Structures are given as C-alpha cells and as structure tokens.
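Peer 1:
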Amino acid sequence: MSGLEDLYKEIILDHYRSPRHRGELDSPPAHKTEGFNPLCGDEVLLTFALEDDIIQELLISGQGCSISQASASMMSAAVQGKSVEEVRKLTRQFKAMMSIHEESIGAEDPPSEDDKPFELGDLEALKGVVKFPVRIKCATLSWNTLLTGLDELEV
Amino acid sequence: MSLPSDLKSNFPLLSQTINGHQIVYLDSAASSQKPDVVIETMNHYYRTINANVHRGAYEIAAQATEAMEQARAKLATFIGASSANEIVFTKNATESFNLIARSWGGQNLGPNDVVLISDMEHHANIVPWQILSAEKGFEVRWIPLTPDGHLDLSQLDRLLNGVKMVSVTAMSNVLGTLNPIREIADKAHSVGALMAVDGSQYVPHLPTDVVELGADLLCFTGHKMCGPTGIGVLWGRAELLDAMPPFLGGGEMILDVRRDGFTPNELPHKFEAGTPPIAEIIGLGAAVDFLDSLGMSEVRQHEIDLTNYALRVLNDRYGEEITIHGPSNASERGGVLSIQYRDVHPHDLSQVLDQRGICIRAGHHCAKPLMRELGVGATARASLYVYNDQADIDALAESLAPAGELFAR
Numbered sequence: 009m010s011g012l013e014d015l016y017k018e019i020i021l022d023h024y025r026s027p028r029h030r031g032e033l034d035s036p037p038a039h040k041t042e043g044f045n046p047l048c049g050d051e052v053l054l055t056f057a058l059e060d061d062i063i064q065e066l067l068i069s070g071q072g073c074s075i076s077q078a079s080a081s082m083m084s085a086a087v088q089g090k091s092v093e094e095v096r097k098l099t100r101q102f103k104a105m106m107s108i109h110e111e112s113i114g115a116e117d118p119p120s121e122d123d124k125p126f127e128l129g130d131l132e133a134l135k136g137v138v139k140f141p142v143r144i145k146c147a148t149l150s151w152n153t154l155l156t157g158l159d160e161l162e163v
Numbered sequence: 258m259s260l261p262s263d264l265k266s267n268f269p270l271l272s273q274t275i276n277g278h279q280i281v282y283l284d285s286a287a288s289s290q291k292p293d294v295v296i297e298t299m300n301h302y303y304r305t306i307n308a309n310v311h312r313g314a315y316e317i318a319a320q321a322t323e324a325m326e327q328a329r330a331k332l333a334t335f336i337g338a339s340s341a342n343e344i345v346f347t348k349n350a351t352e353s354f355n356l357i358a359r360s361w362g363g364q365n366l367g368p369n370d371v372v373l374i375s376d377m378e379h380h381a382n383i384v385p386w387q388i389l390s391a392e393k394g395f396e397v398r399w400i401p402l403t404p405d406g407h408l409d410l411s412q413l414d415r416l417l418n419g420v421k422m423v424s425v426t427a428m429s430n431v432l433g434t435l436n437p438i439r440e441i442a443d444k445a446h447s448v449g450a451l452m453a454v455d456g457s458q459y460v461p462h463l464p465t466d467v468v469e470l471g472a473d474l475l476c477f478t479g480h481k482m483c484g485p486t487g488i489g490v491l492w493g494r495a496e497l498l499d500a501m502p503p504f505l506g507g508g509e510m511i512l513d514v515r516r517d518g519f520t521p522n523e524l525p526h527k528f529e530a531g532t533p534p535i536a537e538i539i540g541l542g543a544a545v546d547f548l549d550s551l552g553m554s555e556v557r558q559h560e561i562d563l564t565n566y567a568l569r570v571l572n573d574r575y576g577e578e579i580t581i582h583g584p585s586n587a588s589e590r591g592g593v594l595s596i597q598y599r600d601v602h603p604h605d606l607s608q609v610l611d612q613r614g615i616c617i618r619a620g621h622h623c624a625k626p627l628m629r630e631l632g633v634g635a636t637a638r639a640s641l642y643v644y645n646d647q648a649d650i651d652a653l654a655e656s657l658a659p660a661g662e663l664f665a666r
C-alpha cells in the first residue's frame with residue numbers, strides 16, 4: 009500500500025498505542041480547554057497548569073484518530089516545562105511544517121538570526137501528513153486547542 | 258425481476274481506478290453517483306435549450322420551461338403526490354427543512370408549543386428547529402432509541418403532549434433503521450399535530466407514496482438519488498403549503514409588487530424565489546426516469562439482498578471484532594452499515610480503505626446527538642445503492658483485517 013507508510017510512521021503508531029500524559033488535572037486550579045474537529049468528530053480536552061508563564065504540567069484526554077491522538081501525545085511531551093512564548097513559537101513551527109503559515113503583517117516577533125528553530129524530534133514524523141490534506145486538521149487539533157487555551161488566559 | 262447485472266456501466270465514474278484499484282464506491286448515503294443519462298440530459302439542456310424559465314416567449318425559453326415542469330410532474334408521480342404544484346424545488350433537503358421551520362414554524366409556533374423530533378435525526382432536521390426555538394421559545398423534544406437502534410415509541414403518547422409538529426426521518430443515515438412513519442403520523446394526527454418526514458435516505462431507495470406514509474410534508478434531495486447536487490425537494494399537501502407564508506423573497510415568487518407590498522405567487526412558485534437551478538431540476542427528472550426504469554421495488558429488493566450479504570460476510574468473517582450498528586434484520590433497514598471494527602478509529606479505517614480504492618465515510622454523519630447516544634465520536638459507514646454488488650462487499654471485507662493489523666491497540 010504505497011503512500012500509507014508516509015503517513016503512519018512507526019513512531020506515530022507508538023504514540024497512538026501508548027499515548028503520553030493522558031488524563032485530566034483538577035480544574036481549577038488547572039486551566040481546561042476543549043477542541044473539536046467537526047469533520048471527523050475528534051475531541052481533545054487539555055488541562056494544564058501554568059506557573060510564571062511556564063507550562064508545569066499538561067494532560068490530554070478525549071478521543072480521535074491515530075493522527076490526532078499521536079500529535080496530541082507528541083505535543084504533550086514537547087511542551088512540558090516550556091514557557092508560553094516558547095510554546096507559541098513551537099506551535100508556529102509545527103503548523104509551518106503542516107504548510108500552515110500564520111499570515112501576519114508586522115508580526116510581533118519576526119524571525120531573527122538568534123531565533124533558532126526547535127528540534128522537532130518525534131514531531132518530525134508527522135511531516136507526511138502534508139501529503140494527506142484532509143488529515144492536517146487531525147494533526148493540528150491539539151495544537152490549536154492549546155493556542156485557544158493560552159488565548160483564554162491572555163498569556 | 259432483479260436489477261441488470263451490468264448496471265455499473267451506466268455510471269462513468271465507477272469505471273475509473275483510484276490508487277491503482279478499480280474504485281469501490283460505498284458512500285451513496287452521502288451522495289450517489291450519476292448515470293450517463295443524467296449527465297447527458299444536463300449537457301443537452303446547456304447545449305440546446307439554455308434560457309431562463311417562466312419568462313421569455315421565445316422557443317428555447319418555452320422548451321426550458323416545459324422540460325423543468327415535466328421534471329416536477331415526474332417527481333410528483335414518483336412520490337405519489339396528487340399534484341405537481343405540491344412539489345417545491347429547493348437547494349437540498351436541508352433547505353427544505355429550513356423552509357418548513359421558517360415558514361410554517363414562524364407562523365405557528367410559540368412558547369407553549371412542542372416540536373417532536375428523534376435521537377436519530379440528521380442535523381438538517383435538528384438545527385433549523387433549534388434556531389427557531391431560540392426566537393420563539395417552543396420546546397424541541399426527542400424520541401429516544403431502543404438498544405437495537407429503533408425509535409422507542411413506547412412513550413409516544415406521553416411525548417406527543419403539546420406537540421404541534423412531529424418531524425422524523427423515514428430512514429436513519431447512520432443506522433439504516435426504517436421507521437414506522439405511518440404509525441407515528443397517525444398518532445401525530447390524532448393530537449392535531451402535523452407530520453414532516455425526512456426522506457433523504459428513504460426516497461432514493463424505497464418505493465415512496467406520501468399518502469401511504471401519512472405525511473403532511475416530505476423533504477428529500479436530488480444528489481442521493483442519481484441526480485445532481487444543488488437540487489432538493491419539499492413536498493407538502495397543497496392546502497398546507499397554500500396557508501404557509503413565503504420563505505425567501507424575490508423574483509418568481511410574486512404575482513405583483515407595489516410600493517406598499519407584494520402579492521405572493523401561486524404554488525409552487527410562491528416558494529421558489531429567483532432563477533431556479535434549471536439544469537439540475539431537469540437532471541433530477543432524468544434521474545427519476547432512470548430509477549423508474551429500474552423499478553423502485555427492484556431497487557429495494559437489490560438492497561435487501563446486498564445488505565443481507567454484507568451482514569453475513571462481515572459477521573462471519575470478523576465475529577466479535579466487528580459491530581454493525583442498527584437493526585440486524587435487513588427487512589427493517591436500508592443499506593447503510595455503520596461499522597466499528599476492533600478499536601480502529603473510523604478515520605484511520607477509511608484512510609487504509611482509500612489506498613485500495615474503497616470509498617467509505619468516516620465521521621459523525623451530521624448526527625452528533627445520535628453519536629452521543631451510541632457512545633462513539635464517529636463511525637465508519639459503508640452505504641449501498643443500485644450499482645453496488647457482492648464484489649464491492651468482498652473488497653470491503655478483505656480490507657478490514659489489514660487496517661486492524663496497523664491500528665488495533
């Protein structure tokens with residue numbers, strides 16, 4: 009089955025079968041935010057604890073396809089202990105990999121020489137999703153939900 | 258009598274290959290494929306008689322008008338309507354429901370009233386009522402389901418208390434369940450309520466007679482019955498439609514317009530504002546001719562046979578690894594098979610099937626309240642129509658196991 013292996017890399021299936029950071033934090037004090045993919049019915053529920061603009065802990069629940077679940081699992085691993093600013097930057101970088109570029113005139117933080125991209129690590133495996141455009145929304149669901157959560161907190 | 262075995266050859270799309278495989282189209286509950294005769298009829302309209310209808314006195318305008326009104330008459334006959342004037346063309350079944358809610362509901366519903374729908378409705382028969390309810394303050398009430406996917410009518414008498422409109426699907430687009438519309442309609446009428454029916458999944462697949470159904474209003478769409486997209490139908494009893502105010506305003510729907518107001522046109526034009534989708538209407542007429550040539554009883558028998566075959570093949574092969582939602586008896590259901598296979602997510606299942614040229618639908622099928630009742634976020638749905646055969650079912654059955662290898666946890 010040509011093509012499928014571009015999408016369903018082993019590391020993706022691993023995150024799908026053994027998702028990291030599953031569960032819910034008590035909210036409050038944690039912040040809770042929910043995201044839906046209206047096309048396929050996937051739901052993601054994020055609870056995260058923010059302290060001094062650092063994500064101390066983030067847990068994920070909800071249900072969905074392998075791509076949305078693996079992406080959420082990878083995100084949960086990637087953002088623990090990162091600052092809000094770093095998380096926003098990582099999200100931009102991830103969405104750029106999904107060929108989604110935030111159009112912004114006079115962007116707040118234009119890329120500069122010292123603005124080195126993050127090592128995407130496991131997340132790199134999701135690159136193949138770009139070849140399956142209907143699945144991009146699956147891959148970005150948890151990321152967009154996290155952005156919504158940060159926006160709700162106005163951080 | 259059965260359907261011709263070479264029926265697929267009438268559908269040009271079905272001759273192509275996808276990802277190196279002959280296409281297996283199992284998503285007709287979302288939209289059916291179109292036979293040559295429908296495509297050609299629409300081409301012929303554009304090539305020879307394209308002109309606006311009900312206006313010009315010249316030859317091709319008259320021909321276009323004639324062709325469109327013939328299609329209306331065919332649809333009336335197809336569903337057992339007493340007059341072509343009872344056939345209102347809309348954009349789709351969704352618009353038909355919005356028309357009913359806005360026009361009839363806007364005039365007749367208030368704070369103490371109830372609209373009774375069911376847990377297996379498509380969003381098209383939910384949201385228009387919810388939108389109007391927010392303005393008018395009436396209650397939207399739900400008929401629950403039994404565990405085997407039928408409507409639970411045991412409490413119907415109680416549920417009907419205060420109801421002015423019952424609006425229920427004749428066949429579920431997720432479970433395939435065929436509902437006892439006549440029984441519900443009789444009870445609705447006994448308390449003075451009207452009966453609206455969602456025929457989107459029913460009319461394309463079973464012989465339909467609005468009088469036998471006991472319906473007052475019926476909504477369905479062209480693209481699920483071999484016709485083009487962009488054309489739907491609202492049927493209603495003439496005196497009921499006559500009493501309803503117009504829905505959209507504009508050209509065609511008026512007899513007279515003055516500075517101080519307007520006089521609405523007669524049926525069915527009162528509800529058809531603006532230039533209609535002429536080619537689509539004529540194309541839908543050709544689709545009706547096509548289905549008539551097959552015979553709707555034969556269409557129904559074909560789907561019972563194929564649904565039985567699918568249930569047997571899938572259950573025999575996968576046993577407890579597979580759940581097929583809805584009634585287990587093909588005579589109580591249409592050819593809509595919502596499948597849960599092991600714990601493979603429907604989206605992943607359909608992706609693997611797509612690599613083999615098999616088209617199924619993964620998602621909530623615009624029936625989120627039903628998904629919640631079933632306790633799932635989505636289902637993988639294979640749905641059948643006239644052109645499907647046992648080979649299509651075999652291809653589906655063959656492809657589930659590899660998806661399980663990849664994704665089962």
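Residue numbers (this note's numbering), protein chains in the order written: chain A, 9 to 163; chain B, 258 to 666. For every residue, glycine included, the Cβ atom is placed at its ideal position computed from N, Cα and C. Since we're looking at a predicted model, the values are computed, not measured.
1) Report, in whole angstroms, the separation of the C-beta atoms of S424 (chain B) and V372 (chain B), which I expect to be a contact under 8 Å.
2) Under 8 Å by Cβ, that's how I've got E537 (chain B) and G583 (chain B) pegged, so tell me the actual separation to the nearest angstrom.
3) At a cut-off of 6 Å, would you count A619 (chain B) as near the ligand PLP, judging by its Cβ distance to the nearest heavy atom?
4) Take I62 (chain A) as the anchor and find which of A:K97, A:H23 and A:K90 has the nearest alpha-carbon.
5) Evaluate P141 (chain A) with the Cβ neighbour count: other Cβ atoms within 10 Å of its Cβ, from every protein chain shown; 16 or more gives buried, anything less gives exposed.
6) Which residue from B:G620, B:V467 and B:S656 puts its Cα closest to that of T340 (chain B)?
7) When we look at the beta-carbon of E162 (chain A) and count the other beta-carbons within 10 Å, is it buried (16 or more) or exposed?
8) Which residues of the region 30-52 of chain A have a Cβ closer than 7 Å to any Cβ of chain B? Give them in chain order.
9) Measuring only the C-alpha atoms, how far is E323 (chain B) from S272 (chain B)?
10) Provide the residue span of the beta strand (DSSP E) that contains R515 (chain B), from first to last.
11) Please classify V490 (chain B): does DSSP put it in a helix, a strand, or coil?
12) G591 (chain B) and L435 (chain B) look like a contact to me (Cβ under 8 Å); what is the Cβ gap, rounded to whole Å?
13) Of the choices A:K124, A:A78, A:S107 and A:S74, whose alpha-carbon is the least far from that of K97 (chain A)?
14) I'd like the list of long-range same chain contacts for L158 (chain A), defined as Cβ closer than 8 Å, with 5 residues on each side in sequence excluded.
15) I need the DSSP call for G114 (chain A), collapsed to helix, strand or coil.
16) Determine whether the beta carbon atoms of G484 (chain B) and L541 (chain B) lie at a separation below 7 Å.
17) What is the DSSP secondary structure of E65 (chain A), reduced to helix, strand or coil?
18) Listing by chain order, which chain A residues have their CB less than 7 Å from the CB of F664 (chain B)?
19) If you draw a straight line from the C-alpha of P401 (chain B) to the C-alpha of S429 (chain B), how long is it?
20) If you run the structure through DSSP and keep just helix, strand and coil, what is N418 (chain B)?
21) Which term fits R574 (chain B), buried or exposed, when burial requires 16 or more other beta carbons within 10 angstroms of its beta carbon?
22) Does the separation of the CB atoms of D284 (chain B) and I617 (chain B) fall below 7 Å?
23) With three or more C-beta pairs closer than 8 Å as the rule, is the region 307-321 of chain B touching the region 378-393 of chain B?
24) Judging by CA-CA distance, which residue of B:L563, B:S447, B:E509 and B:H462 is the nearest neighbour of R312 (chain B)?
25) Which two residues bound the contiguous alpha helix (DSSP H) that contains C483 (chain B)?
26) For the beta strand (DSSP E) that contains K139 (chain A), what are its first and last residues?
27) Are the C-beta of L67 (chain A) and some C-beta of chain E separated by less than 7 Å?
28) Taking C-beta pairs closer than 7 Å, name the residues in chain A that A635 (chain B) reaches, listed in chain order.
29) With C-beta atoms as the reference, is I336 (chain B) less than 7 Å away from T465 (chain B)?
30) Is H582 (chain B) close to chain A, meaning its C-beta is less than 7 Å from at least one C-beta of that chain?
31) From the DSSP output, which residues share a beta bridge with Q30 (chain A)?
32) Taking contact to mean at least 3 C-beta pairs separated by less than 8 Å, is the region 392-412 of chain B in contact with the region 553-570 of chain B?
33) Given a limit of 7 Å on CB to CB distance, which residues of the region 615-639 of chain B reach chain A?
34) Note down the Cα distance separating G154 (chain A) from N45 (chain A), rounded to an integer number of angstroms.
35) Could you tell me the distance, in whole angstroms, from the CA atom of F547 (chain B) to the CA atom of F528 (chain B)?
36) Look at the alpha carbon of E630 (chain B) and the alpha carbon of T426 (chain B), and state the distance between them as a whole number of angstroms.
Peer 2: The relevant details are as follows:
1) 6 Å
2) That pair is no contact at about 31 Å.
3) In terms of ligand content, the structure shown is empty, and the ligand PLP therefore cannot be addressed.
4) A:K90
5) exposed
6) Per the sequence presented here, residue 340 (chain B) reads as Ser, with Thr not at that position. The shortest C-alpha separation from S340 (chain B) is found at B:V467.
7) exposed
8) L47, C48, G49, D50 and E51
9) 34 Å
10) I511 to R515
11) strand
12) 6 Å
13) A:K124
14) V92, V95 and R96
15) Unreliable positioning characterises G114 (chain A) in this predicted model, as indicated by a pLDDT of 48, which lies under 50. A coordinate reading is not provided.
16) yes
17) strand
18) S74
19) 13 Å
20) coil
21) exposed
22) yes
23) no
24) B:E509
25) First-last for C483 (chain B): undefined, no H or E at that position.
26) Looking at the DSSP string, K139 (chain A) is not in any beta strand (DSSP E), and its letter there is neither H nor E.
27) The structure shown contains no chain E; its protein chains are A and B.
28) C48 and G49
29) yes
30) no
31) Checking the sequence, you will find Arg at residue 30 (chain A) rather than Gln. R30 (chain A) is bridged to A:I68.
32) no
33) A619, G620, H621, M628, G634 and A635
34) It should be pointed out that residue 154 (chain A) corresponds to Leu in this sequence rather than to Gly. Answer to the nearest angstrom: the Cα atoms are 14 Å apart.
35) 27 Å
36) 17 Å
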